[in-house]
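Numbering of the sequence shown is given in this note's numbering, commencing with residue 208 and proceeding in unit increments.
Just so you know, even glycine gets a beta-carbon here, dropped at the ideal spot from N, CA and C.
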Amino acid sequence: ALSDIFKEENFTASYARTLRRNISMGINLKVLRATIGNFSASDVSAQTNSTELSTDIGLWSAPAEQVTLGLVVYDLNSPRFQFLSDSPGEKVQPTVRGGIAYRPKPFILFDADWHTVDGGVKDLGESYHLGSELTFAEIIVFRLGVDRSKFAGGLGFKRRLMDLDFAFYNQGELGLIYRVTMSFRWK
Numbered sequence: 208a209l210s211d212i213f214k215e216e217n218f219t220a221s222y223a224r225t226l227r228r229n230i231s232m233g234i235n236l237k238v239l240r241a242t243i244g245n246f247s248a249s250d251v252s253a254q255t256n257s258t259e260l261s262t263d264i265g266l267w268s269a270p271a272e273q274v275t276l277g278l279v280v281y282d283l284n285s286p287r288f289q290f291l292s293d294s295p296g297e298k299v300q301p302t303v304r305g306g307i308a309y310r311p312k313p314f315i316l317f318d319a320d321w322h323t324v325d326g327g328v329k330d331l332g333e334s335y336h337l338g339s340e341l342t343f344a345e346i347i348v349f350r351l352g353v354d355r356s357k358f359a360g361g362l363g364f365k366r367r368l369m370d371l372d373f374a375f376y377n378q379g380e381l382g383l384i385y386r387v388t389m390s391f392r393w394k
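#1: Of the choices V280, R310, G305 and P286, whose alpha-carbon is the least far from that of V299?
#2: If we call anything under 8 Å between Cβ atoms a contact, is K237 one with F218?
#3: For the beta strand (DSSP E) containing S268, name the first residue and the last one.
#4: Cα-Cα, which of L276, E215 and F314 is closest to N229?
#5: I'd like to check one pair, A241 with F288: are the Cβ atoms closer than 8 Å?
#6: Nearest CA to the CA of F317: which residue from L283, L371, S268 and V274?
#7: Looking only at its chain, what residues have a beta carbon closer than 6 Å to the beta carbon of E333, apart from the 5 residues adjacent to it on each side?
#8: Going by beta carbon distance, what residues of the same chain come within less than 7 Å of P301, once the five residues before and after it are set aside?
#9: Go through its chain and collect everything with a Cβ distance to F375's Cβ below 8 Å, but skip five positions before and after it.
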């Protein structure tokens with residue numbers, strides 16, 4: 208199985224603050240861990256995991272009642288994963304992502320975003336994403352979209368202080384990728 212060969216884990220602590228009435232800023236501090244398996248016993252210079260620290264920073268704005276804009280730079284400090292002692296390692300290039308969301312009704316959301324990654328571990332170039340969200344009883348959220356021209360979807364549960372989200376998308380040769388996110392709010 209692919210999970211025996213490669214696995215990524217990401218643990219994030221976030222902080223956001225309102226700067227003005229309709230502008231907010233946030234920062235993520237992340238611990239990134241990548242694990243590679245199946246090294247041969249003769250390759251003594253190899254290690255099976257690498258852990259790095261990374262930082263994201265973002266801005267959010269609501270220029271109109273039903274419209275929001277966002278801009279974020281992921282992996283601002285360009286962490287470098289090192290698996291072989293005699294190699295320079297794999298550098299994670301910063302990713303710039305911007306988007307717009309339109310909410311015609313409180314329970315319907317449409318969004319579009321763009322991002323770019325050049326070089327490094329994720330040499331993806333530019334890509335565009337389109338999505339929609341439908342909320343029932345202010346608790347259950349269904350999501351459908353297109354990610355790099357491939358189908359994506361998800362399901363979310365919202366509570367007063369916590370969100371739980373499940374997402375999946377097609378990653379081409381890797382097949383379906385699943386993501387689980389739990390978020391807490393303190394007010």
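Judging by the given coordinates:
#1: Sorting V280, R310, G305 and P286 by C-alpha distance to the C-alpha of V299 places P286 at the top.
#2: Yes; because the gap between Cβ atoms is below 8 Å, this pair is in contact.
#3: Element bounds for S268: N256 to A271.
#4: If we check each option's Cα against that of N229, L276 comes out closest.
#5: Against a cut-off of 8 Å, the Cβ pair of A241 and F288 comes out as a contact.
#6: By alpha-carbon distance to F317, the top candidate from L283, L371, S268 and V274 is V274.
#7: Close CB contacts of E333 within its chain, under the 6 Å cut and outside five residues either way in sequence, are with T323 (chain order).
#8: Listed in chain order, the non-local C-beta contacts of P301 below 7 Å within the same chain comprise V280, Y281, D282, L283 and S285, local neighbours out to five positions each way being set aside.
#9: A359, G360, G361, L383, I384, Y385 and R386.
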